[in-house]
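First up is the structure itself, then whatever we jot down about it.
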Amino acid sequence: MADSVFECRSAGITLPLRSGVRPIIADISLELKSAEFLTIVGPSGTGKTTLLRMLGGLAPPTSGAVLVRGEVLAGPPEGVVIVFQDYANALLQWRSVAANVAFGIERTMSRAQCNERVRDALNLVGLLDRADDFPWQLSGGMQQRVQIARALALRPAVMLMDEPFAALDAMTKAGLQDELLRLRDQTKVSFVFITHDIEEAVYLGDRVAVLNGSPGRIEHIVDIDLPFPRDQITTRQLPAFLAYRYDLHKAIGHA
Amino acid sequence: MRKLKDLAAHMPPVRGLLPLIVALVAWQVLQTGNSPYFPPPSTWWKGLEPLIASGRLLSASLATLQTIVAGLAISILAGGTLGIMIGLFPRVERALGPLLEFCRAMPPPAIVPLAILFLGYDARMKLTIVALSAMWPILLNTSSAVQRIHPILMDVSMSLRLSLLDRIWRVVIPSVIPAILLGVRIALPLTIVLTLLVEILTSIDGIGALMIAAQRNFQSGQVYGLLVFVGLGGFLLNNAFTLVQASIMSRWPPRSVNV
Numbered sequence: 001m002a003d004s005v006f007e008c009r010s011a012g013i014t015l016p017l018r019s020g021v022r023p024i025i026a027d028i029s030l031e032l033k034s035a036e037f038l039t040i041v042g043p044s045g046t047g048k049t050t051l052l053r054m055l056g057g058l059a060p061p062t063s064g065a066v067l068v069r070g071e072v073l074a075g076p077p078e079g080v081v082i083v084f085q086d087y088a089n090a091l092l093q094w095r096s097v098a099a100n101v102a103f104g105i106e107r108t109m110s111r112a113q114c115n116e117r118v119r120d121a122l123n124l125v126g127l128l129d130r131a132d133d134f135p136w137q138l139s140g141g142m143q144q145r146v147q148i149a150r151a152l153a154l155r156p157a158v159m160l161m162d163e164p165f166a167a168l169d170a171m172t173k174a175g176l177q178d179e180l181l182r183l184r185d186q187t188k189v190s191f192v193f194i195t196h197d198i199e200e201a202v203y204l205g206d207r208v209a210v211l212n213g214s215p216g217r218i219e220h221i222v223d224i225d226l227p228f229p230r231d232q233i234t235t236r237q238l239p240a241f242l243a244y245r246y247d248l249h250k251a252i253g254h255a
Numbered sequence: 256m257r258k259l260k261d262l263a264a265h266m267p268p269v270r271g272l273l274p275l276i277v278a279l280v281a282w283q284v285l286q287t288g289n290s291p292y293f294p295p296p297s298t299w300w301k302g303l304e305p306l307i308a309s310g311r312l313l314s315a316s317l318a319t320l321q322t323i324v325a326g327l328a329i330s331i332l333a334g335g336t337l338g339i340m341i342g343l344f345p346r347v348e349r350a351l352g353p354l355l356e357f358c359r360a361m362p363p364p365a366i367v368p369l370a371i372l373f374l375g376y377d378a379r380m381k382l383t384i385v386a387l388s389a390m391w392p393i394l395l396n397t398s399s400a401v402q403r404i405h406p407i408l409m410d411v412s413m414s415l416r417l418s419l420l421d422r423i424w425r426v427v428i429p430s431v432i433p434a435i436l437l438g439v440r441i442a443l444p445l446t447i448v449l450t451l452l453v454e455i456l457t458s459i460d461g462i463g464a465l466m467i468a469a470q471r472n473f474q475s476g477q478v479y480g481l482l483v484f485v486g487l488g489g490f491l492l493n494n495a496f497t498l499v500q501a502s503i504m505s506r507w508p509p510r511s512v513n514v
């Protein structure tokens with residue numbers, strides 16, 4: 001594997017809340033390699049979103065350090081983009097699909113270059129024919145694809161995804177999972193993908209990290225050794241898949 | 256063409272004017288003679304004719320319209336800017352809050368004497384009063400809409416490394432446009448009322464000045480004629496704004512006017 005993109009060195013976040021100072025995540029040590037798909041799975045209330053916000057530079061660690069390509073993180077790093085779960089609020093309602101995809105790049109690029117990138121990104125997520133519609137005219141799955149396209153238009157090195165498919169129905173979810181794996185192959189982007197769905201974590205991940213407890217800590221990191229390309233039916237029936245699923249359920253404490 | 260048809264759907268139906276027309280015809284037919292208080296509708300037009308012929312109606316309409324439009328423009332700019340500052344920065348809200356509450360509670364006509372003292376009898380004074388009073392609904396709508404912008408939208412723009420100015424220009428201002436339009440919806444009739452009121456109070460040129468002059472000269476037909484003219488003008492302005500609002504709001508999800 002190539003060099004690491006992200007590195008957390010016993011990083012933690014403590015927040016002052018009404019009930020007193022509260023540690024949300026603690027002692028996080030993680031490494032994300034280039035072109036790797038890391039999924040983080042854990043029950044709710046273990047600080048998954050906080051961890052992702054920390055990686056995205058939206059919430060600075062209060063202890064330890066986060067390094068991006070060897071440099072200490074200060075604010076949202078270049079080449080790292082977040083895809084949020086709440087697609088309806090993450091998109092700009094008054095902008096067309098194409099203008100939403102251009103949102104991250106329009107300030108720094110010529111019009112022609114920007115349009116080309118928008119076309120490429122929309123093409124990757126299969127929404128080229130909806131470029132002129134408004135987000136609220138699309139289905140939930142399509143809106144989430146617009147958000148993914150907006151991230152892709154930046155040609156990021158890392159995509160941080162916060163339960164991006166949690167609000168979608170099972171069929172849409174399965175389609176987008178495969179799309180994401182295809183995008184990883186085509187673009188060599190690294191992914192940090194947060195989910196509470198253990199099967200999703202195993203299906204997508206090269207590695208699965210388990211976040212558990214309060215404050216949330218990384219309790220296990222499991223290497224997923226399943227064949228590529230992954231397939232919604234056959235991969236999910238492999239004995240190895242079921243074994244990973246079992247182990248992770250046990251690790252989280254649903255035994 | 257379809258777009259025009261959609262927009263027309265926002266206009267009130269013309270047949271709604273029927274009761275008014277019936278009432279006016281009844282008035283004309285049932286009138287008894289030359290009542291100084293209730294001149295028949297046929298004399299209203301006669302009262303307006305000299306004003307039209309001398310060009311005074313046109314110049315007065317232009318003066319009034321100018322005050323309305325400029326006053327509204329200033330109140331949108333001032334109310335929008337202040338509203339965004341107050342919504343974005345709690346410190347500004349704390350610093351200006353009590354003063355703004357005080358100014359808002361002041362009845363607009365009450366500042367007319369003071370404004371005359373400071374600015375004299377001119378168009379600037381008219382404009383100041385109109386803009387100062389029409390600003391409030393826009394300011395309040397804007398600041399509360401800024402505070403209701405979804406935090407995720409701010410996370411998105413931080414994560415995409417937008418500067419504060421870019422965030423205001425590309426996220427905050429567009430997000431509050433529906434609220435600003437709603438504020439203008441309330442402010443527009445207010446500017447019309449205040450413009451006429453100031454003109455009537457001060458006799459500075461404008462339709463209001465013509466009305467008070469006609470009243471002082473006991474030309475009751477002319478007073479009624481001007482009243483109808485003003486009513487029509489207000490009706491047209493309000494409907495023109497409805498069209499503008501509808502065409503801008505076509506970019507937002509239907510019924511998403513977040514109040």
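So the protein sequences, as listed, match chains A and B.
Under my numbering, the first residue of the first sequence is numbered 1, with each subsequent residue one higher.
Under my numbering, the first residue of the second sequence is numbered 256, with each subsequent residue one higher.
Beta carbons are placed, not taken as given, at the ideal position from N, Cα and C, and that holds for glycine.
Quiz item: Nearest to tryptophan 391 of chain B by alpha carbon, out of B:Val439, B:Ala350, B:Asp421 and B:Ile432?
Solution: Sorting B:Val439, B:Ala350, B:Asp421 and B:Ile432 by C-alpha distance to the C-alpha of tryptophan 391 of chain B places B:Val439 at the top.
Self-check item: Straight-line Cα distance separating glycine 57 of chain A from isoleucine 435 of chain B
Solution: C-alpha separation (whole angstroms): 33 Å.
Practice problem: Look at the alpha carbon of methionine 1 of chain A and the alpha carbon of aspartate 206 of chain A, and state the distance between them as a whole number of angstroms. | Solution: Residue confidence is low: methionine 1 of chain A scores 42 on pLDDT, short of 50, so the model does not pin down where it sits. No coordinate-derived value is stated.
Practice problem: Taking 9 Å as the cut-off, decide whether the C-beta atoms of isoleucine 384 of chain B and proline 363 of chain B are in contact. | Solution: A distance below 9 Å separates the beta carbons of isoleucine 384 of chain B and proline 363 of chain B.
Self-check item: Any 3 or more C-beta pairs closer than 8 Å across the stretch 190-205 of chain A and the stretch 42-54 of chain A
Solution: Touching, per the Cβ criterion.
Quiz item: So, does the CB of asparagine 89 of chain A fall closer than 9 Å to a CB anywhere in chain B?
Solution: Closer than 9 Å to some Cβ of chain B, the Cβ of asparagine 89 of chain A qualifies, so yes.
Self-check item: Spatial distance of histidine 249 of chain A from isoleucine 198 of chain A (CA atoms)
Solution: One C-alpha to the other measures close to 7 Å.
Quiz item: Comparing the C-beta of glutamine 144 of chain A with each C-beta of chain B, is any distance below 9 Å?
Solution: Output row for glutamine 144 of chain A: interface = no.
Self-check item: Beta-carbon proximity list for arginine 422 of chain B, same chain, < 6 Å, skipping 5 on both sides
Solution: Same-chain partners within the cutoff: Ser412.
Quiz prompt | Delimiting residues of the beta strand (DSSP E) encompassing aspartate 162 of chain A | solution = Where aspartate 162 of chain A is concerned, the enclosing beta strand (DSSP E) stretches over 158-162.
Quiz prompt | Counterpart residues of leucine 30 of chain A in DSSP-defined beta bridges | solution = BP columns for leucine 30 of chain A point to A:Cys8.
Quiz item: Of all Cβ atoms in chain A, is any one closer than 9 Å to the Cβ of serine 430 of chain B?
Solution: It does: the Cβ of serine 430 of chain B has a partner Cβ on chain A nearer than 9 Å.
Quiz prompt | the stretch 131-150 of chain A in contact with the stretch 71-91 of chain A per 3-pair CB rule at 8 Å | solution = Touching, yes, given that three or more Cβ pairs across the two stretches are closer than 8 Å.
Quiz item: Secondary structure at arginine 37 of chain A, three-state DSSP: helix, strand or coil?
Solution: The question names arginine, yet the displayed sequence has phenylalanine at residue 37 of chain A. Judged by DSSP in its simplified three-state form, phenylalanine 37 of chain A adopts strand.
Quiz prompt | glycine 375 of chain B versus valine 324 of chain B: straight-line alpha-carbon distance, rounded | solution = Between glycine 375 of chain B and valine 324 of chain B, the C-alpha separation is close to 21 Å.
Exercise. Can you tell me the Cβ-Cβ gap for alanine 389 of chain B and glycine 326 of chain B, rounded? I've got them flagged as a contact below 8 Å.
Key: The Cβ separation is near 6 Å, so the contact holds.
Quiz item: Relative to the alpha-carbon of leucine 320 of chain B, which residue among B:Lys381, B:Thr287 and B:Trp300 has its alpha-carbon at the smallest distance?
Solution: It is B:Lys381.
Exercise. Could you run through the stretch 410-421 of chain B and flag, in chain order, every residue whose CB is less than 7 Å away from some CB of chain A?
Key: Residues passing the 7 Å Cβ filter: Asp410, Val411, Met413, Ser414, Leu415, Arg416 and Asp421.
Practice problem: Identify each residue in the stretch 93-123 of chain A for which the Cβ-Cβ distance to at least one residue of chain B is less than 7 Å, and report them in chain order. | Solution: Contact residues of the stretch 93-123 of chain A toward chain B are Gln93, Trp94, Phe103, Gly104 and Arg107 (C-beta to C-beta distance below 7 Å).
Quiz item: So what's proline 76 of chain A in DSSP terms, helix, strand or just coil?
Solution: In the structure shown, proline 76 of chain A sits in coil (DSSP, three-state: anything other than H, G, I, E or B).
Quiz item: Who pairs with valine 210 of chain A in a beta bridge, going by DSSP?
Solution: Answer by DSSP bridge pairing, in chain order: A:Val41 and A:His220.
Quiz item: Does the Cβ of lysine 173 of chain A lie closer than 8 Å to at least one heavy atom of the ligand FAD?
Solution: The ligand FAD is not part of the structure shown, which contains no ligands of any sort.
Practice problem: Would you mind telling me which residues of chain B sit closer than 7 Å to aspartate 86 of chain A, beta carbon to beta carbon, in chain order? | Solution: Proximity of chain B to aspartate 86 of chain A at the Cβ level (cut-off 7 Å) is accounted for by Ile407, in chain order.
Self-check item: Limits of the unbroken alpha helix (DSSP H) element including valine 431 of chain B
Solution: DSSP places valine 431 of chain B inside the alpha helix (DSSP H), whose first and last residues are 428-457.
Quiz item: CB leucine 355 of chain B to CB leucine 337 of chain B, shorter than 9 Å?
Solution: Yes, the pair counts as a contact, with Cβ atoms nearer than the cut-off.
Quiz item: Does any C-beta atom of chain A lie closer than 9 Å to the C-beta of valine 426 of chain B?
Solution: With 9 Å as the cut-off, valine 426 of chain B counts as an interface residue toward chain A.
Quiz item: With a Cβ-Cβ cutoff of 9 Å, do valine 83 of chain A and glutamine 147 of chain A count as a contact?
Solution: Contact: yes.
Quiz prompt | Residues near glycine 463 of chain B in its chain [Cβ-Cβ closer than 6 Å; skip 5 each side] | solution = Taking C-beta separations shorter than 6 Å and ignoring five residues to either side along the sequence, the partners of glycine 463 of chain B in its chain run Leu451, Glu454 and Ile455, following chain order.
Exercise. Please report how far the alpha carbon of arginine 270 of chain B lies from the alpha carbon of alanine 264 of chain B, in whole angstroms.
Key: The C-alpha of alanine 264 of chain B is placed about 14 Å away from the C-alpha of arginine 270 of chain B.
Quiz item: So who's on the other strand from arginine 245 of chain A, going by DSSP bridges?
Solution: Beta-bridge partners of arginine 245 of chain A (DSSP): none assigned.
Quiz item: Can you check whether the CB of alanine 201 of chain A is closer than 9 Å to the CB of threonine 39 of chain A?
Solution: The criterion of a C-beta distance shorter than 9 Å is satisfied by threonine 39 of chain A and alanine 201 of chain A.
Self-check item: Members of the stretch 166-182 of chain A near chain B, C-beta cut-off 7 Å
Solution: Taking 7 Å as the Cβ-Cβ cut-off against chain B, none of the residues of the stretch 166-182 of chain A qualify.
Quiz prompt | Where leucine 15 of chain A sits in the DSSP three-state scheme | solution = Residue state, collapsed to three classes: strand.
Exercise. Let me know the secondary structure DSSP gives methionine 504 of chain B once reduced to three states.
Key: It is helical.
Quiz item: For the alpha helix (DSSP H) that serine 96 of chain A lies in, which residues bound it at each end?
Solution: From DSSP, serine 96 of chain A is part of no alpha helix (DSSP H); its letter is neither H nor E.
Quiz item: For arginine 403 of chain B, which residues in chain A fall below 9 Å Cβ to Cβ?
Solution: Neighbours of arginine 403 of chain B on chain A: none; closest Cβ ~11 Å, over 9 Å.
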